[in-house]
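2 protein chains.
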Amino acid sequence: MQNIKLTLEYDGTNYSGWQIQKNTVYTIQEKLQEALAKINKKPVKVQGASRTDAGVHATGQVANCILDVAIPIERVPVALNRLLPDDIVCKKAEKVGMDFHSRYDSSAKKYRYRIFNKKLPSVFVRNYVYHYIYDINLSLMKQACEYFIGTHDFTSFQASGCAAKNTIKTIESMDIYQRKPEIWLEIKGDGFLYNMVRIIVGTLIELSMGKIQLSDIKNIITARDRSQAGFTAPSQGLTLLEVYY
Amino acid sequence: MQNIKLTLEYDGTNYSGWQIQKNTVYTIQEKLQEALAKINKKPVKVQGASRTDAGVHATGQVANCILDVAIPIERVPVALNRLLPDDIVCKKAEKVGMDFHSRYDSSAKKYRYRIFNKKLPSVFVRNYVYHYIYDINLSLMKQACEYFIGTHDFTSFQASGCAAKNTIKTIESMDIYQRKPEIWLEIKGDGFLYNMVRIIVGTLIELSMGKIQLSDIKNIITARDRSQAGFTAPSQGLTLLEVYY
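Chains as they are written, first to last, in the working numbering: chain L, 7 to 251; chain P, 7 to 251.
Following this line, the structure appears as structure tokens:
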């Protein structure tokens with residue numbers, strides 16, 4: 007018996023997200039479990055560090071699972087990639103202690119949100135970006151980042167109807183920069199509430215539009231009220247870059 | 007009545023290529039004609055500069071069509087993009103003389119072929135590259151380019167079973183360079199035989215593998231025999247970049 011830590015890349019376009027759901031065939035977790043069960047010759051339960059939503063991508067999702075078979079660890083990515091669909095790739099497999107848990111043990115996660123800022127869409131990145139055609143005030147957005155960094159109660163940036171036990175999270179870094187014709191937001195924190203990154207992006211967009219003022223940001227955070235923040239930016243712009251331990 | 011020159015971008019992944027075929031629903035030409043017919047309120051015939059194959063992409067395909075409606079030219083891209091599927095975008099529309107023909111009048115075309123040269127595939131570019139896991143001898147490939155540049159009979163680089171009237175083509179430029187983890191071949195010429203770029207790429211790969219020697223390249227060209235050249239590299243790595251007039 008061995009506990010295996012998997013680093014995964016996936017294109018979330020054709021999936022209903024990470025987590026197995028009733029009546030939904032296509033989830034990343036299910037595809038992984040199906041492939042791992044073939045290797046293990048009995049069912050396998052996979053735990054993911056982040057329960058990414060429908061349409062959200064990953065270049066560095068981490069998951070772990072207990073395998074009964076004595077497969078050499080260096081053979082795991084090759085064996086898995088042969089069984090997985092084209093849009094899920096196992097980049098790395100490591101043997102870890104039996105008590106390792108990909109979600110509970112993670113100390114931080116990093117996400118990227120891509121905004122494609124051009125009049126015309128691009129057919130090649132259409133599934134990986136949020137296409138926003140209006141001018142963006144980048145310097146205003148950059149200034150807003152400072153208000154999010156640090157430890158705050160992020161209730162205003164949690165999807166309404168969700169009740170996380172602990173809404174206090176620490177944002178270690180948050181940067182926004184231009185990679186023409188795109189604008190990338192990169193955010194690293196010890197934890198994220200449901201839709202938190204996407205609501206932060208929507209709030210920055212509304213700031214850029216002038217619907218929200220820079221001086222409002224602090225109040226929106228302290229209000230602990232979802233209705234004060236901006237809209238939820240679309241899922242396909244979001245990518246989980248890395249999980250830290 | 008006006009003759010319209012359209013510049014088009016498309017992701018060829020889900021199509022059977024440019025040209026309308028019997029029993030094939032998904033072709034770029036058909037999707038365009040359907041959209042244009044709605045604008046024109048009667049059937050429209052679209053002529054494309056390049057009949058790109060199934061899986062081949064374009065950032066700068068050019069097509070033209072005669073429209074009966076008096077739609078202002080600057081409204082055409084907006085109207086078309088509203089009707090076209092997400093993987094086809096009209097980038098530009100220009101009014102041209104009634105005698106303009108996108109294919110017959112083109113003086114040159116430029117293509118790019120992308121090789122993804124890494125052990126692990128990338129889920130995000132999987133439809134736009136040829137995934138080749140072995141080492142590539144880039145300097146050898148660069149040297150080979152010199153043999154292709156100029157005017158030659160390219161019969162050796164034409165899909166077998168095809169008989170183009172004129173197999174003599176002029177390659178104006180051919181460059182190969184690294185864009186880690188990819189290798190890009192860019193080739194510009196006055197015309198290309200069926201599968202010509204893909205067979206040139208396959209030949210360069212076989213050169214890199216040592217199956218073909220640099221000193222063989224000249225003989226392969228002069229042999230005018232398809233069996234002398236390398237394999238046909240997969241279609242999804244190919245993109246039509248530009249058509250010149």
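All residues carry an ideal CB built from backbone N, CA and C; glycine is no exception.
Per DSSP, the unbroken alpha helix (DSSP H) holding residue 45 of chain L starts and ends at 34-46. Residue 60 of chain P places its beta carbon 8 angstroms or farther from that of residue 117 of chain P. In the DSSP assignment, the residues bridged to residue 101 of chain P are P:10. Here residue 101 of chain L has 8 and 79 as same chain residues with Cβ atoms under 6 angstroms from its own Cβ, once five neighbours each way along the sequence are excluded.
For secondary structure counted as the alpha helix (DSSP H) over 4 or more consecutive residues, the region 182-250 of chain P holds these complete runs in sequence order: 202-215 and 223-229. DSSP links residue 179 of chain P through a beta bridge to P:194.
Around residue 151 of chain P, the same chain offers 180, 181 and 182 as residues with beta carbons nearer than 7 angstroms, after the five sequence neighbours per side are excluded.
The beta carbon of residue 196 of chain P does not come within 8 angstroms of any beta carbon belonging to chain L, so the residue lies off that interface. In this structure, DSSP gives residue 148 of chain L a helical state, which the three-state scheme calls helix.
Using beta-carbon distances, residue 127 of chain L counts as an interface residue toward chain P, with a partner under 8 angstroms. For residue 80 of chain L, there are no neighbours in chain P by C-beta distance under 9 angstroms, as the nearest C-beta there is about 12 angstroms away. For the region 93-117 of chain L, the residues whose beta carbon sits under 8 angstroms from a beta carbon of chain P are, in order, 93, 94, 95 and 97. Under the Cβ criterion of 8 angstroms, residue 16 of chain L is counted among the residues facing chain P. Taking C-beta separations shorter than 6 angstroms and ignoring five residues to either side along the sequence, the partners of residue 41 of chain P in its chain run 86, 89 and 90, following chain order. For residue 84 of chain L, no beta strand (DSSP E) run applies; the uninterrupted alpha helix (DSSP H) run containing it begins and ends at 82-89, by DSSP.
Contact between the region 131-146 of chain L and the region 227-245 of chain L is established, with three or more Cβ pairs separated by less than 8 angstroms. At a Cβ-Cβ threshold of 8 angstroms, residue 45 of chain L and residue 75 of chain L count as neighbours. Checking the DSSP bridge columns, you'll see residue 69 of chain P partnered with P:12 and P:54. Contact annotation: in the region 131-146 of chain P, residues whose CB is within less than 7 angstroms of a CB in chain L are 132 and 134.
Taking each of P:213, P:219, P:202 and P:153 in turn and checking the Cα distance to residue 246 of chain P, the smallest one comes out for P:202. Using a 10 angstroms sphere on the CB of residue 70 of chain P, the tally of other CB atoms reaches 16 or more, which defines it as buried.
For residue 94 of chain P, the secondary structure class from DSSP, reduced to helix, strand or coil, is strand. Unbroken beta strand (DSSP E) stretches of 3 residues or longer found wholly inside the region 112-167 of chain L: 114-122 and 156-159, given in chain order. Take the alpha-carbon of residue 177 of chain L and the one of residue 16 of chain L: they are about 25 angstroms apart.
Annotated as distal: residue 122 of chain L and residue 206 of chain L, with beta-carbon spacing of 8 angstroms or more. For residue 63 of chain P, the beta-bridge partners assigned by DSSP are P:245. Annotation for residue 38 of chain P: 52 place their beta carbon closer than 6 angstroms to its own, counting only its chain and skipping 5 residues before and after.
One thing to note: residue 66 of chain L has its Cβ no nearer than 8 angstroms to the Cβ of residue 19 of chain L.
The DSSP-derived three-state label of residue 79 of chain P is helix.
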